[in-house]
Structure formats: structure tokens, C-alpha cells
């Protein structure tokens with residue numbers, strides 16, 4: 001009997017050992033690997049190093065942390081933080097870009113002219129075999145796009161909590177398109193192929209100007225690339241495609257950084273037949289439509305029409321995903337000036353610009369008008385921070401409203417070349433910051449805030465982008481890259497402060513703002 | 001004690017049951033799935049329906065099956081099958097394209113001229129700062145490329161068991177490149193952008209002519225597309241990229257179909273610096289080289305140089321994958337004529353050709369010279385079978401050697417637009433077969449043979465392609481598509497025979513060949 005029991009015990013032990021060794025252990029090992037796979041690898045790289053909280057004269061701890069939100073929304077928490085509440089709720093009339101009455105008069109006249117033109121056009125078209133869907137324009141003085149235009153101030157394109165912006169996004173998403181046309185850029189090409197130079201690449205020529213039923217206008221950029229496609233490493237930045245999702249993400253990022261220098265952008269599925277082909281009055285635009293071998297409705301750019309057919313975009317069968325950016329007020333009523341970026345890149349294969357070879361390039365720039373006084377250089381550095389986070393190398397020019405003179409903010413237009421590569425941080429984009437060793441205190445504080453776990457940039461971006469109808473707008477890899485790049489910006493500032501001291505690097509654009517937040521507007525007025 | 005033993009027995013049983021249920025069963029299930037995954041899913045769709053073996057006057061059972069190979073190699077089995085051994089081993093001098101002496105004289109003169117030119121060029125270059133690697137040409141009258149040229153007969157580009165072909169492939173894979181240049185097509189463009197029409201697309205302009213150390217020539221087509229990428233459904237066939245792997249696969253397919261109308265093609269990694277840039281004597285070619293942002297060596301096409309930079313190909317950092325196709329004898333010694341394919345497609349967005357709308361188009365063609373007599377129409381149908389298997393819609397012209405007159409075989413050149421979509425069978429490519437309801441008996445028999453499990457087309461193709469240095473050349477999805485399309489060809493023939501009877505559909509190109517195989521050459525001579 002003892003033998004029997006021993007035998008059974010041995011067998012039992014053997015079975016248990018075998019189970020343990022061959023089954024349980026591998027499973028545990030797999031589970032270990034699995035959990036490693038599910039947690040984002042980038043996160044572990046990212047936790048704001050302790051030293052960041054001590055190396056500026058003003059630390060985030062000085063700020064009232066009561067505004068961290070209720071825990072359910074990091075984005076709400078961010079926007080209720082004191083750093084995001086330094087502005088007076090209303091903007092004085094003198095600070096606005098446009099006076100409301102003048103704007104209304106201007107648009108009423110435009111609507112009348114449009115209606116006259118449409119009447120004549122429809123009479124002419126009645127004789128031909130073209131069918132154009134004819135919608136009535138309903139000019140609404142309370143339209144959200146008009147509120148956006150009247151809300152533009154010398155500080156930003158819109159104020160922080162302007163409800164008209166959220167409503168304008170809804171309008172752009174839903175409103176009936178009553179007219180489509182080439183954009184002005186497109187028209188400037190006049191359908192000719194200028195092969196004497198490297199032409200601006202494909203995506204550039206596929207954008208459309210859409211007019212909404214309430215006379216609002218938006219620019220449509222079609223989807224050219226899948227969310228998970230990365231720009232191949234051999235592609236020069238200036239021939240990269242334009243990404244509709246980068247336009248959308250840039251609007252959200254700009255708003256989260258509290259710059260508010262990007263006009264509102266929203267994603268939308270456009271019906272190429274009903275919302276473009278059947279409402280255009282431009283024969284040239286009608287002429288670039290065709291049906292693909294898969295029976296989808298497609299169109300391609302005018303210039304490229306006669307050259308290459310690869311540059312088409314196609315609906316499925318009619319619906320095409322894209323971004324809609326709100327138009328700024330017309331140039332005749334709100335002129336803008338376009339100025340070459342001092343850190344412009346060479347748009348050739350071999351060229352190098354001075355800033356790429358001369359480490360003390362900024363010393364020269366600092367002496368030159370308009371960078372030798374005021375905020376212009378700091379604004380350029382803000383822009384480089386914005387572009388570095390997105391990986392956008394295509395910032396050849398910047399625009400400002402002439403109305404605001406040299407102190408006007410820089411418009412961050414045309415961001416479709418951002419978010420091309422999540423795996424590479426193009427440090428050269430940060431050259432204005434790293435070469436000039438200057439940054440606005442307000443910008444730095446917000447960047448530090450966004451590096452804190454409770455406001456992590458990737459988290460607030462993810463949350464913000466979820467509001468877009470085409471979400472997810474960015475892949476997780478792109479969101480993680482934002483956190484990684486943010487740390488690199490802070491490190492670049494840290495290198496400067498170690499070398500030059502805080503006082504020379506961190507520039508008070510609102511003096512003692514964070515200790516006793518004084519309105520940004522006030523500090524501006526005082527200058 | 002009994003209780004004790006019962007308890008242990010129960011525990012043991014429980015453990016065994018648990019093991020059986022949770023461990024062994026799932027493992028068995030996985031193994032089952034696994035084997036399902038490894039065997040090609042399409043296989044189950046594919047087994048030659050029984051009726052196929054009975055519906056031709058001549059069945060495969062009539063043939064000696066002794067040549068089915070030793071089971072280890074389906075390809076060897078195929079090539080030893082009587083259907084692949086109907087030819088006399090040697091080709092009579094009168095049947096050759098070129099007489100050996102004349103060819104040797106011609107090339108000796110070309111080599112002398114080349115050496116004179118190089119001497120002058122090198123003297124001129126010595127004064128400049130260009131470095132060109134200078135290799136001596138070693139003209140070898142026993143070179144494999146010369147044997148390929150002399151072996152071209154009125155029946156095919158090479159005979160079935162010519163050892164020079166395998167050796168030529170090795171030469172092309174390994175030999176030192178002593179000169180690189182644009183191809184003649186490229187030169188014809190003269191660097192200008194003709195935007196007055198849709199230009200032939202990108203890939204077309206990136207091919208290079210390479211000269212080997214033994215004076216052999218090959219055309220290089222660079223890799224433009226990953227093996228697993230499918231051509232997007234909205235892309236018109238004529239703007240599809242050219243695929244180097246399609247060139248390679250087409251050579252193997254043509255050989256397996258026993259057409260032998262495609263010049264030998266092999267895959268090779270080319271060093272863009274050492275084997276192209278440093279050996280070219282063409283300044284224009286040198287001028288299209290550039291270094292990419294990722295520091296890779298790239299080049300782009302001459303015409304497109306000034307227009308668009310997207311059309312570049314890049315090495316990694318210098319090595320670029322591509323296909324090398326052996327050149328045919330020069331046009332001055334072996335002129336060819338290029339004839340529009342009667343089943344040509346419209347190279348426009350909306351155009352339709354007559355064959356696409358007129359079901360009795362073939363009746364017209366049959367009455368027209370040269371399709372009203374001889375084998376020309378049957379050769380066109382062979383070509384449509386070849387193109388349908390590859391999914392190649394871009395067969396606008398075919399070429400024949402003028403030396404062989406109207407009875408010459410059709411050259412199957414330029415196959416790089418094949419193998420674009422594995423998931424679609426473009427039935428229109430088969431229009432010559434389905435509209436004319438004719439096929440050569442020899443072709444049909446081989447197609448039937450390749451539909452048998454022991455010679456399955458996908459299997460022999462996979463085996464044949466494994467010989468290429470760049471294998472795998474085709475994905476499994478493309479290989480499976482070959483089997484599926486083969487069945488569709490056989491079904492198309494079956495529909496014809498049901499309607500018209502075997503005698504009117506299946507044309508004896510070798511009379512009673514399979515019952516008593518008479519040499520294809522003899523039947524030809526008898527005509």
C-alpha cells in the first residue's frame with residue numbers, strides 16, 4: 001500500500017511539475033510580455049524630470065492648482081487652469097480686427113452681388129445642358145462665421161471661451177454647400193504647367209473653396225494619406241503630401257497651446273457629386289471630374305490634368321473625407337502681409353540656408369527690423385514650438401494682419417505638412433528657440449503644464465480630437481510623439497537657462513502674470 | 001485505504017481531464033487552424049473539375065504520364081512531360097534569327113567603336129573633375145548573351161533546354177556593370193515635359209540601360225512597390241507603376257507556359273553609386289542624381305526632373321532592388337516591327353474601343369490581314385492568355401522580328417504592369433479568346449496540364465521563382481490568383497466548345513501532336 005501511495009504521489013508530483021513547467025510558466029511569461037505590449041512604450045520615457053519644476057524663477061507650484069478639473073476631463077481641467085484664464089472675457093472694440101457694422105455692410109453687398117451673378121448665370125445655364133443645383137443664400141447677421149470674423153482681435157483669432165467657435169465647427173460639418181470653386185492659389189496657376197521649376201506638390205492643388213448656405217466659406221483639403229502611413233524617409237519635406245488630419249490636429253494643438261492663431265478646422269465627408277460637381281459654376285472645375293475604373297467619382301488638379309493622372313482623389317463612390325478650414329475675412333477688408341520666415345528652408349535638393357550653417361545666426365536677426373524690438377521674434381519662437389511639436393518643416397512664410405502693425409500675432413495657416421513622421425523629431429525646426437535662447441514666459445509655463453501628468457499633452461489632444469467627426473484624427477504614435485517632443489523643447493530651454501540664466505531666456509510677456517495674473521491684454525496696452 | 005486510493009484516482013482523473021480539456025484540446029484545435037493557415041485557402045477552390053478532362057478531343061490521359069517527375073520537383077516533372085518535349089533539340093541554321101558569323105562581326109565592330117569612344121571620352125574627362133570608373137571590355141565570343149542572341153529562332157526566343165539561358169541569368173546577376181545610360185525611350189523624351197498629353201507614367205521613365213563587362217546589355221527597372229501592395233482600385237491601368245517583380249515573374253510564367261517569348265529577366269541589387277553614377281558617361285544621367293533627406297542615393301527621371309520630385313527612386317543607402325532584362329539583338333541587325341494590338345484599350349479616362357462594345361468584333365478582325373490566315377490571331381490569343389494570368393492590361397502593341405515575316409512569333413516585352421491586383425480577375429483581357437473562340441491545341445493542353453494537381457501552375461511558378469536572387473518574387477495571393485485565373489481560361493474555352501464544338505475552337509498547331517508528338521518545328525516547316 002505504501003508503495004502504491006508513493007507511486008501515486010510520484011505521478012502526481014510529476015504531473016504538477018510538468019504542468020507548472022510547460023503550461024503555467026510559459027503562460028506567465030506570455031502574460032508578462034503581453035502587458036508590456038499593451039502599455040504604451042513611450043509613456044515610460046515620459047515623466048517630467050523633477051528638475052523641470054525648479055529651474056524657472058516661477059514654478060507651477062506657485063499657481064493655484066484648483067483648476068485641475070474634476071478628474072473626468074483633463075481638457076476641461078486645462079482650460080479652467082489659471083494660466084488659461086488670464087484674459088478679460090470681452091475684447092474692447094478698439095482691439096478688434098473689424099468693426100461689426102462695416103463688416104455687415106461689406107457682406108450684405110457681397111450677398112447682393114452674388115445673387116445678381118447667380119441670376120445671370122442661371123439664365124445662361126438654362127440654355128445649355130448643364131444642371132447646377134441652385135440654392136438660396138440666407139444671409140444671417142448672427143451667423144457663427146460672422147461672429148468668428150468680428151471676434152478676431154489683436155491678441156488672437158478667437159477668444160478662449162467663445163461659443164461661436166464650437167458652433168462654427170458644427171456649421172462647417174453640417175451646412176449645405178451651395179457653391180464650390182478652385183481656391184485663389186489654384187486659379188493663379190491658370191491651368192498651365194510651369195515645368196521650369198519644381199512645382200508645389202500634388203496635394204496643394206487639390207483644395208477647394210466651398211460656400212455654405214449662410215454665405216460662410218471654408219477651404220476643403222481632401223484626404224491623401226492613411227492615418228497610419230508615415231512619410232517615407234527619402235521624401236523631401238516640400239514634396240510631401242498635404243494631410244487633412246494634420247490640418248484638423250493643428251487647430252486643436254494651437255488651441256491647447258493657447259495660441260489661437262489657427263482658423264477653426266473640422267473634418268467632414270464631402271459628397272463630390274452633390275456638394276462639388278453639381279454646385280460649381282466653374283467649367284474648369286467641372287472639367288477635372290472623372291469616373292475611376294472602380295466607378296468612383298474623382299477629380300484632379302487643373303494644372304496636373306494635362307500632365308499626370310496620378311494626382312487624383314476619389315470618393316467612395318462619391319463621399320470623400322477631408323478637412324474644412326474656416327476662411328479668414330477677405331483680403332480687401334482685412335489685408336494681411338506675408339513675410340518670409342527668417343528660418344526658411346531651402347526648397348531645393350542641395351541648398352542650405354544661412355541659419356543651418358551659422359550657429360550665431362540669431363544674433364544677426366536680433367539686430368534686424370522687425371525682430372529687434374517687440375514680440376516678433378518671440379512670436380517666431382512660439383511658431384517654431386508649434387511646428388516642432390507637429391514636425392512641420394514647411395513654414396516658409398508667416399502672415400500677419402496689417403491692421404495690427406508689427407505687433408500683430410502670427411497666423412499659423414497651412415499646417416497640412418505636419419504629423420508626417422511620428423518616429424522622428426526634427427530638431428532643426430526648433431532652431432529659432434535653440435539659437436536665440438528666448439521664450440515667452442506664458443508659453444513656457446503652458447508647456448510645463450502640458451508636461452505634467454494631469455494635463456499631459458497627448459491626453460488633452462486625444463480628448464480634444466475626439467470632438468471631431470472624423471476621430472481618431474491622430475494615431476497613438478503621433479500623440480506619444482507630442483509628449484516626447486514637448487520634453488525636448490523643455491530641455492532646449494533648460495540648456496539655454498543653464499548657459500545664460502533664467503532672466504535672459506524667459507521673457508515676461510505678462511509681468512508676474514502667474515503670481516498675480518494680470519491680463520495679457522493689459523500688459524500689451526501698457527507697452 | 002480504499003478511500004485514499006479512490007481520492008487519488010479522482011484527483012488524477014480530474015487533472016487529466018482538465019489537462020485534456022484546457023491544454024490538449026485547444027492545442028489540437030490550434031494545430032488544426034495552423035495547418036489551415038499554412039495551406040493556401042484558394043487551393044480548395046481549385047481542383048480541376050472532372051469535366052475538363054473529357055471535353056477536348058484529345059485528353060491528357062492520351063499522353064505518356066511518365067514524365068511527371070520524381071515527386072520532389074513539380075517543375076522538373078513539368079519540363080520532362082512529353083508536351084514540353086515536342087521540339088527537336090537543335091535548331092537548323094535557316095530557322096535562326098541571326099547567323100553566328102555575321103553577329104560576331106557586328107559585335108566586334110561595336111566593341112572596337114566603344115573602345116575608341118571611351119579612349120576619347122577618358123581623355124576629355126581627365127581635364128574635368130568628374131571621376132568615371134573605367135573598366136576594360138572583354139569581348140568573349142562564347143559569352144552567354146551572344147549564345148542567347150544566336151539561339152533566337154523562328155519558334156521562340158530560346159529553346160527549352162538551352163543551358164546558356166540559365167548562365168545568362170547568372171551573368172546578369174553577377175557581372176560588373178561598366179556603363180549605364182538612359183534607355184532609348186528615355187532619350188526620346190529629350191528632357192522636355194510634353195504636357196499637351198497624358199504622359200506615360202512615372203515608372204516608365206526610371207529604367208536604365210546597363211552594359212556588362214562582357215559587352216552584354218540589360219535593362220534595369222527599379223523596385224517601385226512592395227510585394228504586398230495592391231494597385232488601388234481607382235488607378236487607371238495606364239498610370240499604374242511598373243513593377244520589377246512583375247518583369248521577373250512574367251519571364252518565368254512565359255517559360256512555364258512554354259511560349260518562350262519573353263527575354264531572360266533576373267532580379268539584382270544595383271549599387272546606384274558604383275554601378276550607375278560612377279560608370280555613366282552621360283552628363284544628363286549624372287545630373288538627375290541627388291541625396292535624399294535620409295542620406296540615400298536617389299535618381300529621378302529626366303523629363304520629370306524639372307516637374308516633380310516625387311518620382312525618384314532611392315537606394316538604401318546605395319543599393320537598389322530591381323529587375324534586369326536581357327537586351328534583344330540591336331534593331332540594326334535584327335529589326336522588329338511594332339503593331340497595334342487589335343484589342344488595344346483606350347488610354348483616356350472615358351474612351352471605349354470597338355472591341356469593348358461590339359461582341360462580334362472578332363468576326364471583323366478575322367477578315368483583316370494579317371489575322372485572316374496563319375497563326376497570327378492564335379498568337380494574339382496566346383498573348384491574351386499570358387496577360388490574363390498576370391492581370392496585365394497594358395498590351396497596346398506587340399512586336400515581331402521582321403526577319404520571320406507574318407509567321408513570326410509575338411514578343412512578350414514590357415510586362416511590368418502585370419501582377420498589380422491579385423484580388424481581381426480582369427476578364428476583359430481574355431476578350432481575344434472569348435470573342436474569337438479559338439485557341440491553339442498546344443496551348444490548351446499545357447493549360448490543362450498546369451491545372452492538374454501534380455503540375456499546379458502556382459506550385460511550378462513558386463518553384464521556378466525560387467531560383468531568382470530576389471525571391472520571393474510574388475506573394476502567395478498572386479500565386480493563388482494564377483490557379484484561379486487558369487480555371488477561368490479553361491471555362492472560357494469550354495463555353496466556346498459547347499457552343500461551336502471542339503473542332504472549330506481547338507486549332508491544331510501541331511497536327512495530332514499529342515497522340516504522336518511531331519515536332520512543332522516540322523509542322524511549321526511543312527506549311
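Chains as they are written, first to last, in this note's numbering: chain A, 1 to 527; chain B, 1 to 527.
In this text, a Cβ means the ideal position worked out from N, Cα and C, and glycines have one as well.
Query raised in the report: Going by beta carbon distance, what residues of the same chain come within less than 6 Å of residue 75 of chain A, once the five residues before and after it are set aside?
Result: Correct list, in chain order: 460, 463 and 464.
Query raised in the report: Roughly how far, in whole angstroms, is the beta-carbon of residue 325 of chain A from the beta-carbon of residue 265 of chain A, given that I think they are within contact range, below 8 Å?
Result: Right, the Cβ-Cβ distance comes to about 5 Å (below 8 Å), so this counts as a contact.
Report task. Within its chain, find whatever has a CB closer than 7 Å to the CB of residue 346 of chain A; leave out the 5 residues flanking it on each side and keep chain order. Result -> Contacts found: 352 and 353.
Requested in this report: For chain A, find out if any of its Cβ atoms is closer than 8 Å to the Cβ of residue 296 of chain B; answer yes or no.
Outcome: Answer yes: the Cβ-Cβ gap between residue 296 of chain B and chain A drops below 8 Å somewhere.
Query raised in the report: Helix, strand or coil: how does DSSP classify residue 498 of chain A here?
Result: Shown here, residue 498 of chain A sits in a helix according to DSSP, grouped into three states.
Query raised in the report: Is the beta carbon of residue 178 of chain A less than 8 Å from the beta carbon of residue 98 of chain A?
Result: Not closer than 8 Å, so no.
**Report entry** 6 Å CB neighbourhood of residue 380 of chain A in its chain, flanking five on each side removed
**Finding:** Result list for residue 380 of chain A: 432, in chain order.
**Report entry** Cβ contact (3+ pairs, closer than 8 Å) linking the stretch 214-224 of chain B and the stretch 158-173 of chain B
**Finding:** Segments in contact, yes.
Query raised in the report: Cα-Cα, which of A:184, A:112 and A:229 is closest to residue 208 of chain A?
Result: Of A:184, A:112 and A:229, the residue nearest in Cα terms is A:184.
**Report entry** Residues of the stretch 460-488 of chain A whose Cβ lies closer than 8 Å to any Cβ of chain B, in chain order
**Finding:** Listed by position, the residues of the stretch 460-488 of chain A near chain B (Cβ gap below 8 Å) amount to none.
Query - Rounded C-alpha distance that separates residue 129 of chain B from residue 122 of chain B - result: Within the model, the alpha-carbon separation for residue 129 of chain B versus residue 122 of chain B is close to 12 Å.
Query raised in the report: Quick one: which chain A residues come within Cβ less than 8 Å of residue 528 of chain B?
Result: The displayed coordinates of chain B run from 1 to 527. Any statement about residue 528 of chain B would go beyond what the structure contains.
**Report entry** Close-in-space but distant-in-sequence residues of the same chain around residue 282 of chain B (CB under 7 Å, 5 per side omitted)
**Finding:** Contacts found: 181 and 182.
Query raised in the report: Considering only residues of the same chain and omitting the five flanking positions on each side of residue 508 of chain A, which have a CB-CB separation below 6 Å?
Result: Annotation for residue 508 of chain A: 441 place their beta carbon closer than 6 Å to its own, counting only its chain and skipping 5 residues before and after.
Requested in this report: Measure the Cβ-Cβ separation of residue 269 of chain A and residue 331 of chain A and say whether it is below 8 Å.
Outcome: For residue 269 of chain A and residue 331 of chain A, no; Cβs fall outside 8 Å.
Requested in this report: Name the one or two DSSP bridge partners that residue 266 of chain B has.
Outcome: Looking at the DSSP output, residue 266 of chain B bridges to B:324.
Query raised in the report: Roughly how many angstroms lie between the CA atoms of residue 468 of chain B and residue 212 of chain B, to the nearest whole one?
Result: Roughly 19 Å separates the two Cα atoms.
Query - Residue environment, residue 149 of chain A, which counts as buried when at least 16 other CB atoms sit within 10 Å - result: By the neighbour-count criterion, in which 16 or more other beta carbons inside 10 Å mark a residue as buried, residue 149 of chain A falls on the buried side.
Query raised in the report: With burial defined as no fewer than 16 other Cβ atoms inside 10 Å of the residue's Cβ, what is the status of residue 402 of chain B: buried or exposed?
Result: Exposed, by the Cβ-count rule.
Query raised in the report: What do you reckon, are the CB atoms on residue 261 of chain B and residue 419 of chain B nearer than 8 Å?
Result: Not a contact, by the Cβ cut-off of 8 Å.
Query raised in the report: Straight-line CA distance for residue 368 of chain B to residue 339 of chain B?
Result: About 14 Å.
Query raised in the report: How long is the line joining the alpha carbons of residue 476 of chain B and residue 249 of chain B, rounded to whole angstroms?
Result: Between the C-alpha atoms of residue 476 of chain B and residue 249 of chain B there is a straight-line separation of about 13 Å.
Requested in this report: Determine, using beta carbons only, whether residue 435 of chain B and residue 359 of chain B come nearer to each other than 8 Å.
Outcome: Their beta carbons are under 8 Å apart, which means residue 435 of chain B touches residue 359 of chain B by this criterion.
Requested in this report: Check residue 218 of chain A in the structure and name its three-state DSSP category.
Outcome: DSSP places residue 218 of chain A in strand when its eight states are reduced to three.
Requested in this report: Below 7 Å CB to CB, which residues in the same chain sit around residue 500 of chain A once its five sequence neighbours on both sides are set aside?
Outcome: The residues are 437.
Requested in this report: Go ahead and label residue 108 of chain A buried or exposed: buried means 16 or more other beta carbons lie within 10 angstroms of its beta carbon, across all protein chains shown.
Outcome: Taking all protein chains in view, the Cβ of residue 108 of chain A is surrounded by fewer than 16 other Cβ atoms within 10 Å, so the residue is classified as exposed.
Query raised in the report: Exposed or buried, residue 372 of chain A, counting other C-beta atoms within 10 Å across all chains shown (16 or more means buried)?
Result: In the assembly as shown, residue 372 of chain A is an exposed residue. Its beta-carbon has fewer than 16 other beta-carbons within 10 Å.
Query raised in the report: Nearest to residue 235 of chain B by CA position, among B:349, B:470, B:280 and B:312, is which residue?
Result: Ranking the options by Cα distance to residue 235 of chain B, first place goes to B:349.
Query raised in the report: Based on the DSSP output, what are the partners of residue 340 of chain B in its beta bridges?
Result: Partner(s): B:397.
Query raised in the report: Applying the criterion that 16 or more other CB atoms from any shown protein chain within 10 Å of the CB defines a buried residue, is residue 421 of chain B buried or exposed?
Result: Buried.
Query raised in the report: Looking only at DSSP bridge pairs, what is residue 314 of chain A linked to?
Result: By DSSP's assignment, residue 314 of chain A forms a beta bridge with A:298.
Query raised in the report: For residue 102 of chain B, which three-state DSSP category applies?
Result: In the structure shown, residue 102 of chain B sits in a helix (DSSP, three-state: H, G or I).
Query raised in the report: DSSP three-state call for residue 130 of chain B: helix, strand or coil?
Result: Residue 130 of chain B falls in the coil class under three-state DSSP.
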